[in-house]
Each structure stands twice: as structure tokens, then as C-alpha cells.
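Novice: Counted the way this note's numbering counts, the sequence shown spans residues 532 to 1032.
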Amino acid sequence: MLTRRVFHVRRHVPMAAIAARWNSSYEKQNEVALALMRETSRLEREVLLPLNDKLYGPLNRAVEDRLPSLPFVFLLGNHSSGKSSFINHILQRDVQSTGVAPTDDGFTIISNGNADHDQDGPALIGDPDLGFSGLRQFGPNLIQKTNLKIRANIPMGNHFMMVDSPGMIDSPASFHATSEQDRGYDFPKVVQWYAERADVILLFFDPDKPGTTGETLSILTNSLVGMDHKLHIVLNKVDQFRKIHDFARAYGSLCWNLSKVIPLKDLPRIYTMCIPVKDCGDGTKTTETGLGSALDDLESSRDEVINAVMRAPERRADNLITRVYDSSRMLEMHATVFESVRAKYSREKWSRFFVTTSALVGGNALAATAFVSGLPEVAAGASVVALAAASGISWFNRNHLAELEKELTSEDGLTTHFRRLYGRQLAERDEFVFSIWRRVLPSLQVALNTLGFSKLPKVKPSELKALQTIIQEDVPRLRRQAAPTEASVAHQVAKLLRRGF
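#1: So K768 and P738 are in contact, right, with Cβ under 8 Å, and what is the actual spacing, rounded?
#2: So, N850 versus D759, is the Cβ gap smaller than 7 Å?
#3: Using alpha carbons as the reference points, say which of Q723, N643, H620 and M699 lies closest to L666.
#4: Give me the Cα-Cα distance between M841 and S941, rounded to the nearest whole angstrom.
#5: According to the neighbour-count rule (16 or more other Cβ atoms, all chains shown, within 10 Å of its Cβ), is H648 buried or exposed?
#6: If you reduce the DSSP assignment to three classes, tell me which class G1061 lands in.
#7: Is the separation between the beta-carbon of S572 and that of G662 shorter than 7 Å?
#8: Given Y953, which residues of its chain have a CB within under 7 Å of its CB, disregarding the five upstream and five downstream residues?
#9: In whole angstroms, what separates the C-alpha of V563 from that of P1007?
#10: In its own chain, which residues sit with a C-beta less than 6 Å from the C-beta of P589, not counting the 5 before and 5 after it?
#11: Could you please give me the residues that DSSP links to R773 through a beta bridge?
#12: Any idea which residues DSSP pairs I764 with across the strands?
#13: Relative to the C-alpha of H610, which candidate in L586, V604, H620 and D636 has its C-alpha closest?
#14: CA-CA distance, Q1012 and D777?
#15: Just the Cα atoms here: how many angstroms apart are N678 and E835?
#16: Distance, Cα to Cα, A839 vs I852?
#17: Taking 7 Å as the cut-off, decide whether the C-beta atoms of S612 and F735 are in contact.
#18: Let me know the secondary structure DSSP gives S612 once reduced to three states.
#19: What did DSSP end up calling Q1012 once you bin it into helix, strand or coil?
#20: Which value, in whole angstroms, describes the spacing of the CA atoms of H690 and K676?
#21: Just to confirm before moving on: does the CB-CB distance between I640 and V694 stay below 7 Å?
#22: Counting only runs of 4+ residues fully inside the stretch 641-672, write out the alpha helix (DSSP H) ranges in chain order.
#23: Using the rule of at least 16 other Cβ atoms within 10 Å of the residue's Cβ for burial, across every protein chain shown, is S628 buried or exposed?
#24: To the nearest angstrom, how far is the alpha carbon of G983 from that of G944?
#25: Give me, in chain order, the residues of the same chain whose beta-carbon lies closer than 7 Å to that of H997; leave out the 5 immediate sequence neighbours on both sides.
#26: So R728 is in the alpha helix (DSSP H); what residue range does that whole segment cover?
#27: Does the separation of the CB atoms of E994 and L580 fall below 7 Å?
#28: Compute the Euclidean distance between the alpha carbons of R624 and I618, then round it to the nearest angstrom.
#29: Report buried or exposed for W968, applying the criterion of at least 16 other Cβ atoms within 10 angstroms of its Cβ.
#30: Starting from T747, trace the alpha helix (DSSP H) both ways and give me its first and last residue.
#31: So, L766 versus V792, is the Cβ gap smaller than 7 Å?
#32: Kindly indicate which residue of K680, S749 and I656 has the alpha-carbon position closest to the one of F669.
#33: Output needed for D660: all residues of its chain with C-beta closer than 8 Å, excluding positions within five of it in sequence on either side, in chain order.
#34: For the candidate residues A566, N672, Y856 and P719, whose alpha-carbon lies nearest to that of V756?
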């Protein structure tokens, strides 16, 4: 039992040494990453985008949807959760302002360069080469609150960027009513835009406010859905605790708040860390705390978070492949259901046309027979009856086709086609297939209503085959290129099995 307060001092490895190790590793993998980027770009350009344009598919058709030119790390968190301090620690420079009060109300993009230089939002978003032009859709208020900071000689080199975001400071009760009014733009949508394109996402929490802000919880439930593979949750500033039970109370409070918005039995890992603040004069820094030697294990999490940040270039290759795979699966489902709906409508339309034509032709044939038989009055009557019947059938058919169009574009109608086409996967409880359908359904409704049923293009078997080739052959091939085959025994065994020993 501790009878007196013990202050533990830990000396930390210089950030420059960590960065140098990762920079060396990155240079070795750079050629592979560039090859993967070229191949994924080719697949999108030659296969995905042309078919997507033809069918008004679910993929963003705007040129502005291109990924930013460099991999980037996206930082989110409560006000005063230590995001800016962490950035300064990574960069080994005071790039971002820090303090107890809110210090930044916008998004800051930080990149390496030959000299220090700042660029405002209009110039940044207007630059077609940087990949942030898509932010223009969120309006001038966001543009004015976005800036680029270029800094020379920072440890991360030319390998990735960092994006700092405004701190989240609202209360749960007021969030939904005031979020857009307070910020002047749709903050959750902007966060989602960045998160979808980020290679690593860090979500910081402060011990004083462990997950209690409504804005933070809403971002987790709306803007970061489906991004667990690149999201890291961080409880920062653990050096503020002087007693173990204070730490346990804050950690438990964070877990409790997260459990309310993450509908899983197992919560994601929460990294506990702190930023070293005291300079020893020899290039290293220390942290003082009252937690004693237990802090050794807690602070090791910071090294793991830093490693995740430094792996952003590696993650870019994985994310590019995942992007192509998801795009292919979504477009394949869109095209498959689209063609099923088009074929059903086409069959019904031609069937109705055949009935109308048959009535008209049959009536006229009867009239001709009567006329040849010397019964002109009967012939005239039969012709009039045939024309009236054809007109009535045609009117009925138009109404029927109009109702059919409404049925086919409704959520229930489209879901019926989806369940018939993907019945086997649904029977096997393939949740991934159903999650894709939820993303495809809105774009499919827009496509059918925009194109109009009379002008729906036919999906060629070769086009579906090209998508299946990407899913079944190209993506696995790219995964193998990106996989650490030399370091993984599992990959080596799988390679031998593919070759048949």
C-alpha cells in the first residue's frame, strides 16, 4: 500500500528518431505504393466511372471527389482534449496554438514544404491538385474557416499531412438545434467528408469531459459510421491524474458514454496517453505524474498512436484498394438491380403493346372480312369497335405502366428485386450485402427517376463481368501486392497453396 504520493518521471525517446525510422521504411515501400495508386486509378478511370456515369450510379461523379494528393491523418476531439499539443509533439514545432480556452474554430491542414507558408481557404480549395476542392459544396463559411500551413523540416517529411479540426464544446441537449447555426456550416457532414478520405482518424477525449459533449457523440453515430478500421479513440492527458481511482472513474465514464452510441457488446480499444511536456535539455522530454510506475504501461499507448500516425502512407494503399472494392461492389449491385427493373418494365411494356396491337389488328381483320363479304355496315362497325377497344386498352396500359413505374421506384419495390437477386446471401445472413444495399438504394431511386423508364440503358453482360473481375481477381491481386509477404508466414503459405507447391 502506498503511504505517500510518489511522482514518477519518465524520459521519452525523441520524436525525430521515431520519424527517421518510419521515413526509412516508407522510402522502401514508396515504389509499391505508387504502383498500387496507378492501378487503382486505372480501374476507376476505365471501368468504374464510365459505367457509373451511364447508370447514374452511387459513386460520386464529380472530379472534385478525387482523394487528396497525400495521405493524411484526421484529428477530432473535444475542446481542450490535446489535439493541437499532439500535432506539435509529432511535428516537433509549435505549429498549432494550444491552451485551455478554444484556440481554433476552423480546419487546419498541415503539410511539409521547402519554406514556411500559410494559404487561406479560397486558395486551398481552389487548387485542383491538392484534392480539397470538394469542400466547396459546404459553402463559403467553411471555406473561410479552412487554411493550409506549410512548414519546413518537420519529421513527417513529404509522406503525409495532418488535419486539425475545431474542438467540440456543445451540450447534448442543444446540439441538434444549434449545430449548423453556431458553426455556419454542416459540421457533421464536413467531418464525414474528411473522415471518408482520411487514412488514419484520431478521436481525442479529455479526462474532464470524457465523451459527454452531444456533438462528439453525434459525430460517432453519424459521421464515422463504417470507419472502425481506421479510427483510434484516445483518452489523452492521463498525466493530470494524481490517483489511480480518478483515472478509473474517467475511463469508466468514457466507456459508459461510448456504449450509448456504439451498439456493440465489445467497445473499441481506447488508447490512454499523455504528451511529454518538460524539456530535459538533451533533445528528450519527460512527464511527471502522481500515478507512479503504473504510468509506464499507460504511456506506451502513445507510442502505438504515433506508430498509427506514421503508418498513414501504408494505410493509403490499403484504403485505395478498399475504395475500389467498395465502389465495385456498390456499382455491381446498382447495375444488377437496375437491369432487373429495366427488364421487368420492358417486358411489361411490350406485353401491353402486343395486347393493344392484337386488338387493333384483329378488329381490322374482321372488318376487312365483312367488307369482302359484301357487308360494309358490319365492316365499318367492326372497325370502329376495334379502334375504340384499342384506345381503351392503350389508356388502361398507360395507367398500368405509370403505376408500375411508381411501384418499381418505391423502396419496397426495389427491395423486392434486391431480395430476389441476393436471396442466397441474405439467407446466409450476409450483413455486408445488406449494408451495401442501404447505400445503393437512394442512388438507384434517383437514377430511375432521372433517366425515365422509357430511356433506361441496357446493362451489358460484359459490363457486369468487368465489375466481377475487379472484385474477384484485381482486388485480391492488389491486396497481395500490398501485403507484407516477407514478414507473414500466413501469406507465404497461401502463396504456396496458390502455386500448388
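For each residue, glycine too, the CB sits at the ideal point set by N, CA and C. Nothing here was measured: the structure is a model prediction, and the numbers come from that model.
Specialist: Looking at the atomic coordinates:
#1: 6 Å
#2: no
#3: Q723
#4: 47 Å
#5: exposed
#6: Any answer about residue 1061 is impossible in this case: the structure gives the chain only from 532 up to 1032.
#7: no
#8: V964
#9: 15 Å
#10: So the list reads M861, H865, V971 and S974, once near-sequence residues are dropped.
#11: Per DSSP, none; premise fails for R773.
#12: Answer is L734 and I801.
#13: D636
#14: 47 Å
#15: 29 Å
#16: Put simply, the backbone Cα of A839 is about 19 Å away from that of I852.
#17: yes
#18: coil
#19: helix
#20: Each residue's Cα considered, the two are about 25 Å apart.
#21: yes
#22: As far as the stretch 641-672 is concerned, its whole alpha helix (DSSP H) runs of at least 4 residues are 652-657.
#23: exposed
#24: 16 Å
#25: Contrary to the premise, residue 997 reads as Ala rather than His in this sequence. So the qualifying residues of the chain are V578.
#26: Its alpha helix (DSSP H) spans residues F718 to R728.
#27: no
#28: Roughly 9 Å between the two C-alpha positions.
#29: buried
#30: G745 to S749
#31: no
#32: I656
#33: Taken in chain order, the residues that qualify are S600.
#34: Measuring from the Cα of V756, the nearest candidate turns out to be P719.
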